[in-house]
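Whatever position you read off the sequence shown (first residue = 1), add 1 for my numbering.
Every residue gets a Cβ at the ideal spot worked out from N, C-alpha and C, and that includes glycine.
Since the structure comes first, as structure tokens, the remarks are kept for the end.
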Amino acid sequence: MQVNEAGFYSRLLDYHNILYLCHRNADPDAVSSAFALSEAIGGTVGLIDGSNRVASLLIDKLEIEIVENPDPKDYDLVVVVDTSTSAQLNDIELGHYCVIDHHATTALTDNAAFYLHRPATSVAEIVYKVLTCMEAPIMYRTAIGLMTGIVTDTGHFKHATSETFRTFADIIESSGVEYGEVLELMAATPQDVSMRIAMLKSANRASVERVGDWLVVVSHVSSFGGSAASMLINIGADVALIGTSKDDSVRVSGRAKRDAVNAGVNLGQIMEEVSKNYDGTGGGHAGAAGIDVNAEMDDILRDCKDKVVEILGKRQNPVSL
2 MQVNEAGFYS RLLDYHNILY LCHRNADPDA VSSAFALSEA IGGTVGLIDG
52 SNRVASLLID KLEIEIVENP DPKDYDLVVV VDTSTSAQLN DIELGHYCVI
102 DHHATTALTD NAAFYLHRPA TSVAEIVYKV LTCMEAPIMY RTAIGLMTGI
152 VTDTGHFKHA TSETFRTFAD IIESSGVEYG EVLELMAATP QDVSMRIAML
202 KSANRASVER VGDWLVVVSH VSSFGGSAAS MLINIGADVA LIGTSKDDSV
252 RVSGRAKRDA VNAGVNLGQI MEEVSKNYDG TGGGHAGAAG IDVNAEMDDI
302 LRDCKDKVVE ILGKRQNPVS L
């Protein structure tokens, strides 16, 4: 059952032992949202397969207490945060759970006891509105976390809407935290040499398909697929698709410029459609999405690329570079 912000808060009050569970390799949006809810309502922040570099820094700086790979059976309720598919939770048995999410499609809502879903640019924005309904004070650590979640999930506001900026301004006004403090925290994130190597390899392996004036870039790396896709966008790609593999699983991370999205590219829908052909899971946002399947990487990358090319070039002849 779908509820609004006030209804979400009201239902959480029925439980005493709550786990706020983040997706694997949790990002700042997931971690900060789980933390803010745990601070306001009570409960435990749980991680599946750790967190990314910025989220890890956030956990350290804000001294967030987390539980690694928690057992949902130990809790009265699991609040699944910023997660659209069970694959992002390594298909663990959730038991009694609810969902708070912002992705275009959220399959986990089907079996949830209740859920709060809004098409916001980050879950942090939704959580802030929950806190507002509670009339909860926005303390320093909560504000820093939520602001970092918004900044990172919007690509430093590249995908922000007017509502994003309004919410961000409200957090600043209600907490007194300055935007510069968030930038300083993010700037302190150490550069991982393995990540730098992955960026260089992805650029070296890239194949480019030109569709009129559009450039669709495909590559593969052993890790940091999302970062590699973003990097290729920054250096000239209109759409970037990066494949990574782990054991028998293949993940494709996709990123698209706003102009490509405005032209009709919706990576979230594309990933979801392609995943169904391989009994996998996929989805996300129009400009940033991912897919997890058990198949050949080349096949998945080709299928995703072909759908992008079809959208961008129905009347044009693609040229391989």
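Tell me the rounded alpha-carbon separation between I145 and G213. C-alpha of I145 to C-alpha of G213: approximately 43 Å in a straight line.
To the nearest angstrom, report how far apart N295 and R54 are at their CA atoms. Distance between the alpha carbons of N295 and R54 is about 27 Å.
Is the separation between the beta-carbon of A241 and that of V218 shorter than 8 Å? Yes, Cβ-Cβ distance for A241 and V218 is below 8 Å.
Run the CB neighbour count on G47, radius 10 Å, all protein chains shown included, and call it buried at 16 or more, exposed below. With 16 or more other Cβ atoms from the protein chains shown falling within 10 Å of its own Cβ, G47 counts as buried.
Keeping to the same chain, check which residues put their C-beta closer than 7 Å to that of M135; ignore five residues upstream and five downstream. Close CB contacts of M135 within its chain, under the 7 Å cut and outside five residues either way in sequence, are with Y10, A41 (chain order).
Where does L14 sit, in a helix, a strand or coil, going by DSSP? If DSSP states are grouped into helix, strand and coil, L14 belongs with coil.
DSSP three-state assignment for L302, whether helix, strand or coil: In this structure, L302 counts as helix in the three-state DSSP scheme.
Between I49 and A56, what straight-line distance do the alpha-carbon atoms span, to the nearest angstrom? When rounded, the separation of the alpha-carbon atoms in I49 and A56 is 13 Å.
Less than 8 Å between the CB atoms is what I'm expecting for I19 and Y98, so what's the real figure, rounded? With a Cβ gap of about 10 Å, I19 and Y98 do not count as contacting.
Where in the segment 4-60 do unbroken runs of the beta strand (DSSP E), each at least 3 residues long, occur, reported from the N-terminal end onward? Fully enclosed beta strand (DSSP E) runs of no fewer than 3 residues occupy 19-23, 45-48 of the segment 4-60, in order along the chain.
What's the C-alpha gap between H24 and V222? One Cα belongs to H24, the other to V222, and the distance between them is close to 21 Å.
Tell me the DSSP secondary structure of Y141 in three-state form. For Y141, the secondary structure class from DSSP, reduced to helix, strand or coil, is helix.
Identify, in the order they occur along the chain, each residue of the same chain with its Cβ nearer than 6 Å to the Cβ of F115, setting aside the five sequence neighbours on each side. Answer for F115: M2, V4, R12, C99, listed in chain order.
Rounding to the nearest angstrom, what Cα-Cα distance links A137 and D307 in this structure? Each residue's Cα considered, the two are about 48 Å apart.
Between V32 and I151, what straight-line distance do the alpha-carbon atoms span, to the nearest angstrom? If I take the Cα positions, the gap works out to 11 Å.
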